[in-house]
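**Student:** Line by line, the protein sequences are chains A and B.
Using my numbering, the first residue of the first sequence is number 2, and each one after it goes up by one.
Using my numbering, the first residue of the second sequence is number 14, and each one after it goes up by one.
The structure that follows is given in the form of structure tokens.
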Amino acid sequence: MRLPPRQAKARRTAAVDRTQTLLLAPGLVLLFGVFMAPLCITLRYSLNRFIAGGSQETAFVLDNYARFILDPYYAAILLRTLALGSGVALVTLLLGYPLAYAIARGRSRWRALLIAATLIPLMTNVVVRSYGWMILLSNSGVIEDALAELGLPRVKLLYTMTGVVLSLTQVMMPFMVLTLVGVLQNISGDLEDAACGLGAGRWRVFRDVLLPLSLPGIVAGSFLVFALTISAFATPRLVGGASVEVMATMIYDQVLNALNWPFASATSIILLVIVLALMIVQGRLLRTRADTPKPAA
Amino acid sequence: MHAPRQRRWWHQLKPIVWLWWSMIGVIVLFLLAPIIVVVIGSFSDQAYLVFPPQGLSLRWYVQAVSSRDFRDSTLISLELGVLAALLSTIIGIVTALGIAARQRPAADMLMGLVSAPLLVPGIVVGIAMLFYFTDIGVGSTFASLVLAHTVLTLPYVVRSVLAGLETVDRTVEEAAHSLGASRFSVITTVTLPMIRGSVLAGAVFAFIISFDEVIVTLFLASPRVTTLPVRMYNYIAYTSDPSIAAISTLMIVATVTLVLVIDRYVGFARLF
Numbered sequence: 002m003r004l005p006p007r008q009a010k011a012r013r014t015a016a017v018d019r020t021q022t023l024l025l026a027p028g029l030v031l032l033f034g035v036f037m038a039p040l041c042i043t044l045r046y047s048l049n050r051f052i053a054g055g056s057q058e059t060a061f062v063l064d065n066y067a068r069f070i071l072d073p074y075y076a077a078i079l080l081r082t083l084a085l086g087s088g089v090a091l092v093t094l095l096l097g098y099p100l101a102y103a104i105a106r107g108r109s110r111w112r113a114l115l116i117a118a119t120l121i122p123l124m125t126n127v128v129v130r131s132y133g134w135m136i137l138l139s140n141s142g143v144i145e146d147a148l149a150e151l152g153l154p155r156v157k158l159l160y161t162m163t164g165v166v167l168s169l170t171q172v173m174m175p176f177m178v179l180t181l182v183g184v185l186q187n188i189s190g191d192l193e194d195a196a197c198g199l200g201a202g203r204w205r206v207f208r209d210v211l212l213p214l215s216l217p218g219i220v221a222g223s224f225l226v227f228a229l230t231i232s233a234f235a236t237p238r239l240v241g242g243a244s245v246e247v248m249a250t251m252i253y254d255q256v257l258n259a260l261n262w263p264f265a266s267a268t269s270i271i272l273l274v275i276v277l278a279l280m281i282v283q284g285r286l287l288r289t290r291a292d293t294p295k296p297a298a
Numbered sequence: 014m015h016a017p018r019q020r021r022w023w024h025q026l027k028p029i030v031w032l033w034w035s036m037i038g039v040i041v042l043f044l045l046a047p048i049i050v051v052v053i054g055s056f057s058d059q060a061y062l063v064f065p066p067q068g069l070s071l072r073w074y075v076q077a078v079s080s081r082d083f084r085d086s087t088l089i090s091l092e093l094g095v096l097a098a099l100l101s102t103i104i105g106i107v108t109a110l111g112i113a114a115r116q117r118p119a120a121d122m123l124m125g126l127v128s129a130p131l132l133v134p135g136i137v138v139g140i141a142m143l144f145y146f147t148d149i150g151v152g153s154t155f156a157s158l159v160l161a162h163t164v165l166t167l168p169y170v171v172r173s174v175l176a177g178l179e180t181v182d183r184t185v186e187e188a189a190h191s192l193g194a195s196r197f198s199v200i201t202t203v204t205l206p207m208i209r210g211s212v213l214a215g216a217v218f219a220f221i222i223s224f225d226e227v228i229v230t231l232f233l234a235s236p237r238v239t240t241l242p243v244r245m246y247n248y249i250a251y252t253s254d255p256s257i258a259a260i261s262t263l264m265i266v267a268t269v270t271l272v273l274v275i276d277r278y279v280g281f282a283r284l285f
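Have a look at this one:
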């Protein structure tokens with residue numbers, strides 16, 4: 002049977018539409034079945050009541066959230082986690098900016114070497130890197146010995162906040178550097194030369210030209226590193242031990258040692274909400290900047 | 014007056030340039046320090062790891078390679094990586110084709126959904142999956158690990174394939190279609206061959222992400238089914254002999270080789 006052309010076309014479009022929807026099916030089934038569903042269960046568990054001994058009672062209470070925020074012990078963990086995130090974001094920015102600049106402006110061979118120096122740590126497993134830091138920071142390790150050689154007092158680094166900041170800075174720096182390189186590469190070197198030619202010193206070129214133009218990269222890199230740091234588990238656990246408890250290590254202990262699944266769920270949801278809020282704020286910040294009209298020269 | 018001595022090139026650098034490159038050198042050293050320490054420490058002849066090592070030996074390599082636990086975990090990591098990469102590549106190609114066929118707002122929303130596993134902290138995904146697989150009665154098995162790793166690697170494949178699809182000249186597909194090829198054969202004989210580089214890059218990246226994954230796996234692993242990084246994590250948490258440094262060094266060598274091979278054949282621009 003031949004259909005009039007218009008009807009045939011409509012039928013074909015419908016068929017294409019159905020195929021296209023079918024194409025999305027496997028991915029959506031996987032995402033809802035193995036990702037969204039687990040998150041929903043976690044959200045549900047967070048409202049349950051914990052029964053001593055490791056089981057839970059179905060309920061609709063906010064006790065677990067209240068406990069995390071009101072109990073000074075857990076509030077301190079929340080603050081410590083946020084402080085760690087800010088500290089690591091700041092130090093990766095201070096150390097990552099010069100390296101990113103050197104990569105963005107470097108000649109080909111140096112550039113390749115510096116990129117390799119950034120990528121090799123990124124691709125080395127985080128357990129291996131944390132292990133390296135455990136050796137470096139240990140009692141009478143190289144860093145402590147070097148400090149003693151210089152006549153400085155021996156400071157304990159392993160299982161301290163300082164040690165965790167130091168090692169997480171190394172773990173997160175590649176993310177900062179790669180984000181900044183992306184932005185710095187798009188800033189023409191001619192702008193710096195022009196500023197220099199007009200008599201600006203190095204510091205002024207940096208402050209008045211480079212810094213404002215690279216601000217989107219600074220914001221994106223800092224938010225990314227902050228979000229990754231407050232979610233980090235392996236490094237704080239291995240380098241910080243039991244003495245530097247952060248949200249991730251606390252969640253782990255609640256699930257596997259205290260068997261308090263409702264409380265672990267509530268803490269996880271809080272962590273998730275913080276990370277998502279950060280992403281939204283970052284999106285807003287970057288969009289507002291992009292929308293602001295550039296001042297006329 | 015003495016004649017000026019022959020000046021080397023670094024004598025001509027201004028102090029500020031010197032200062033700048035020393036600073037870059039220190040930052041690079043900081044980035045590589047833990048890796049250098051592990052590699053050098055792995056050749057130690059001591060029973061516990063000190064840096065720098067007093068004497069050199071290969072005994073920890075012998076012990077690491079002959080350890081049954083580590084061999085089993087390496088095999089599990091490889092099997093898991095290959096299976097997860099295969100599954101997420103197949104599903105990823107199909108999903109990317111589905112997203113590419115959509116218009117702007119819907120496509121962006123779908124992409125956001127696919128990328129969601131990257132936004133959610135690993136520890137949260139880990140406990141959520143533990144609760145879920147326990148709840149539905151599957152428990153911590155190899156199958157749950159494969160499913161978890163497939164979800165976690167899917168975003169990388171979809172991104173890579175979508176990037177490839179953007180470079181494809183759509184008129185070629187239309188031409189094949191108007192010459193009588195079915196939608197399915199257009200995809201398999203025209204589209205896929207044109208984007209095979211992106212598909213391969215996505216698959217390799219999926220394997221790397223799976224092989225590297227620690228935190229979600231930590232929750233789903235059982236004593237019998239444990240991946241290499243999780244085995245190493247557990248080992249480090251309780252013992253400190255340098256055999257773990259030997260295994261780490263082998264992993265680092267594999268990583269560096271992979272970095273060089275990918276850069277040679279695929280190019281990093283594709284991955285970042």
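Here a beta-carbon is modelled for each residue, glycine too, at the ideal position from N, C-alpha and C.
Do we get a CB-CB distance below 8 Å when we pair valine 220/A with the residues of chain B?
**Tutor:** So, not an interface residue.
**Student:** So the beta strand (DSSP E) serine 56/A belongs to, where does it begin and stop?
**Tutor:** Note, serine 56/A: beta strand (DSSP E), 56 to 58.
**Student:** Verify the CB distance criterion: does isoleucine 52/A have a CB-CB separation below 8 Å to chain B?
**Tutor:** It does not: the Cβ of isoleucine 52/A has no partner Cβ on chain B nearer than 8 Å.
**Student:** With DSSP as the reference, identify every bridge partner of phenylalanine 218/B, one or two as the case may be.
**Tutor:** Beta-bridge pairing links phenylalanine 218/B to no other residue.
**Student:** In this structure, what does DSSP give as the bridge partners for serine 57/B?
**Tutor:** In DSSP, serine 57/B forms a bridge with Leu69/B.
**Student:** Which runs of the alpha helix (DSSP H), 4 residues or longer, sit entirely within the region 125 to 177 of chain A?
**Tutor:** Counting only runs of 4 or more, we get 127 to 138 and 143 to 150.
**Student:** Return no unless some Cβ of chain B is closer than 8 Å to the Cβ of valine 35/A.
**Tutor:** Interface residue, yes.
**Student:** From threonine 20/A to arginine 117/B, what distance separates their C-alpha atoms?
**Tutor:** When rounded, the distance between both Cα atoms is 19 Å.
**Student:** According to the neighbour-count rule (16 or more other Cβ atoms, all chains shown, within 10 Å of its Cβ), is threonine 201/B buried or exposed?
**Tutor:** Burial call: exposed.
**Student:** Using DSSP with H/G/I as helix, E/B as strand and the rest coil, what is arginine 244/B?
**Tutor:** If DSSP states are grouped into helix, strand and coil, arginine 244/B belongs with the helices.
**Student:** Looking at aspartate 58/B: is its Cβ nearer than 8 Å to the Cβ of asparagine 126/A?
**Tutor:** Against a cut-off of 8 Å, the Cβ pair of asparagine 126/A and aspartate 58/B comes out as no contact.
**Student:** For a test of the three-state rule: what should DSSP assign to arginine 50/A, helix, strand or coil?
**Tutor:** In this structure, arginine 50/A counts as strand in the three-state DSSP scheme.
**Student:** Using beta carbons (cut-off 8 Å, strictly below), is isoleucine 281/A in contact with chain B?
**Tutor:** For isoleucine 281/A, the answer is no, since every Cβ of chain B falls outside 8 Å of its Cβ.
**Student:** Assess contact between the region 151 to 168 of chain B and the region 124 to 131 of chain B, defined as three or more Cβ pairs (one per stretch) separated by less than 8 Å. Is contact present?
**Tutor:** Yes: at least three Cβ pairs fall under 8 Å.
**Student:** How should glutamine 171/A be labelled, buried or exposed, when 16 other C-beta atoms within 10 angstroms of its C-beta is the threshold for buried?
**Tutor:** It counts as buried.
**Student:** Residues of chain A with CB under 7 Å from glycine 215/B, in chain order?
**Tutor:** Simply none; closest approach about 13 Å.
**Student:** For arginine 81/A, which residues in the same chain have their Cβ closer than 8 Å to its Cβ, ignoring the five residues on either side in sequence?
**Tutor:** So the list reads Met162, Val245, Glu246 and Val247, once near-sequence residues are dropped.
**Student:** Check for me: the alpha helix (DSSP H) holding asparagine 65/A runs from which residue to which?
**Tutor:** Start and end: 64 to 71.
**Student:** Any Cβ of chain B within less than 8 Å of the Cβ of asparagine 126/A?
**Tutor:** True, the Cβ-Cβ gap to chain B drops below 8 Å.
**Student:** Whole angstroms are fine: how far does the CA of leucine 96/A sit from the CA of valine 178/A?
**Tutor:** The straight-line gap from Cα to Cα measures roughly 9 Å.
**Student:** Say the cut is 7 Å; is the CB of glycine 210/B nearer than that to a heavy atom of the ligand MN?
**Tutor:** Ligands displayed in this structure: none; no statement on the ligand MN is therefore possible.
**Student:** Using a cut-off of 8 Å between C-beta atoms, extract the partners of serine 56/A located in chain B.
**Tutor:** The contacting residues do not exist; serine 56/A stays about 12 Å from chain B at best.
**Student:** Distance, Cα to Cα, glycine 38/B vs arginine 203/A?
**Tutor:** When rounded, the distance between both Cα atoms is 20 Å.
**Student:** Report the CB separation of alanine 196/A from valine 184/A in whole angstroms; it is logged as a contact under 8 Å.
**Tutor:** Going by Cβ atoms, the distance from alanine 196/A to valine 184/A rounds to 18 Å, so no, they are not a contact pair.
**Student:** Let me make sure I understand the geometry here. Which of Ala194/B, Arg244/B, Arg72/B and Arg196/B has the alpha-carbon closest to that of isoleucine 89/B?
**Tutor:** It is Arg244/B whose Cα lies nearest to the Cα of isoleucine 89/B.
**Student:** Classify proline 263/A: buried if its beta carbon has 16 or more other beta carbons within 10 angstroms, exposed otherwise.
**Tutor:** Proline 263/A should be labelled buried.
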